[in-house]
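S.K.: Residue numbers (the working numbering): 62 to 241. Positions of the beta carbon are idealized from the N, C-alpha and C atoms, including for glycine. Please find one structure pasted underneath; my questions will follow.
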Amino acid sequence: MKTALVIVAFFVVFFLFAAVVAIQLKKGKGSKRTGAYRRRKLMTDNEREFFGRLVAALPGHYVFPQVAMAALIEAASSDRKTAHGDRLRIAQQRADYVVCDVAGEVIAVVELDDRTHSQAKDQLRDSRLEQAGIRTVRFQSRNKPTPAAILVAILGAPAAAGEPVAVSEPAYLTAVAAAQ
Numbered sequence: 062m063k064t065a066l067v068i069v070a071f072f073v074v075f076f077l078f079a080a081v082v083a084i085q086l087k088k089g090k091g092s093k094r095t096g097a098y099r100r101r102k103l104m105t106d107n108e109r110e111f112f113g114r115l116v117a118a119l120p121g122h123y124v125f126p127q128v129a130m131a132a133l134i135e136a137a138s139s140d141r142k143t144a145h146g147d148r149l150r151i152a153q154q155r156a157d158y159v160v161c162d163v164a165g166e167v168i169a170v171v172e173l174d175d176r177t178h179s180q181a182k183d184q185l186r187d188s189r190l191e192q193a194g195i196r197t198v199r200f201q202s203r204n205k206p207t208p209a210a211i212l213v214a215i216l217g218a219p220a221a222a223g224e225p226v227a228v229s230e231p232a233y234l235t236a237v238a239a240a241q
């Protein structure tokens with residue numbers, strides 16, 4: 062009789078313990094917490110001003126700001142472990158601007174460098190993009206080019222043979238005003 066009572070007590074304690082563990086696990090998995098978030102500026106004022114210059118300089122092209130590097134390039138290794146490591150290397154990186162033609166093909170990545178940029182990191186980034194066939198064009202924040210100079214730097218020529226460059230400072234100022 063004592064043995065039967067000990068066995069029953071053991072099972073009662075076991076089931077109570079299992080019930081407590083199950084409840085704790087369910088609380089952890091089914092958490093209703095959605096997090097706390099606030100709006101963040103997509104671009105700094107300096108980046109937004111330069112965005113206006115890019116848009117004005119490149120009519121007939123799309124300019125996308127703050128593009129995830131993983132949207133532009135992917136790991137090429139067939140080894141899963143190596144590919145995973147390569148993906149992690151670019152996971153948190155963004156390109157300042159991506160310029161595309163009307164078909165959506167990437168023409169170039171444009172970077173606006175300021176004093177916080179590391180030349181070694183920039184070279185590594187540029188080489189990764191170059192491996193994927195994407196050219197990087199860098200401009201210095203402290204010495205921003207005119208829209209006409211941007212056009213030449215990104216597309217390689219001011220216009221088709223003999224055509225004037227259809228970019229002017231007023232067009233740039235209009236684009237900046239519209240962006241604000």
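Using the C-alpha atoms, what's the distance from R155 back to P120?
M.R.: The straight-line gap from Cα to Cα measures roughly 24 Å.
S.K.: If contacts are defined as beta-carbon pairs under 8 Å, then A114 and K205 qualify, I think. What distance do you get, rounded to the angstrom?
M.R.: It should be noted that the sequence gives Arg, not Ala, for residue 114. Contact holds; Cβ gap of about 7 Å.
S.K.: Just verifying my parser: in three-state terms, what is the DSSP assignment at Q153?
M.R.: Coil at Q153, not helix or strand.
S.K.: Does the region 161–180 touch the region 144–151, meaning 3 or more C-beta pairs lie closer than 8 Å?
M.R.: Output reads no: the region 161–180 does not touch the region 144–151.
S.K.: So V170 is in the beta strand (DSSP E); what residue range does that whole segment cover?
M.R.: Per DSSP, V170 belongs to the beta strand (DSSP E) from 167–174.
S.K.: CB-CB under 7 Å to S138, same chain, minus the five flanking residues each way: which ones, in chain order?
M.R.: Hits under 7 Å: A144, D147.
S.K.: Using only alpha-carbon positions, find the residue among A129, Q192, K102, A193 that is nearest to V159.
M.R.: Of the candidates A129, Q192, K102, A193, the one whose C-alpha sits nearest the C-alpha of V159 is A129.
S.K.: Whole angstroms is fine: what's the gap from D140's alpha carbon to R203's?
M.R.: Taking the straight line joining both Cα atoms gives about 43 Å.
S.K.: Measure the alpha-carbon distance for R189 versus E172 and round it to whole angstroms.
M.R.: Computed Cα separation, rounded: 14 Å.
S.K.: In three-state terms, what does DSSP make of A129?
M.R.: If DSSP states are grouped into helix, strand and coil, A129 belongs with the strands.
S.K.: Taking just the CA atoms, how far does I211 sit from H122?
M.R.: H122 and I211: Cα-Cα distance of roughly 13 Å.
S.K.: Using a threshold of 8 Å, state whether the C-beta atoms of A193 and I134 are closer than that.
M.R.: Contact flag set, yes.
S.K.: Buried or exposed: D175, going by 16 or more other Cβ atoms within 10 Å of its Cβ?
M.R.: Flag for D175 reads exposed.
S.K.: Distance check for R99 and K93, CA to CA, integer angstroms please.
M.R.: Rounded to the nearest angstrom, the two C-alpha atoms are 19 Å apart.
S.K.: Is T105 helix, strand or coil when you go by DSSP?
M.R.: Three-state result, T105: coil.
S.K.: Per DSSP, R196 is paired with what?
M.R.: In DSSP, R196 forms a bridge with A169.
S.K.: So, D157 versus P126, is the Cβ gap smaller than 8 Å?
M.R.: Result yes, Cβ atoms of D157 and P126 sit closer than 8 Å.
S.K.: Counting C-beta neighbours from all protein chains within 10 Å, is the total for A132 16 or more, i.e. buried, or is it exposed?
M.R.: Looking at its Cβ environment, which holds fewer than 16 other Cβ atoms inside 10 Å, A132 is exposed.
S.K.: State the DSSP-derived secondary structure class of V160, mapped to helix, strand or coil.
M.R.: It is a strand residue.
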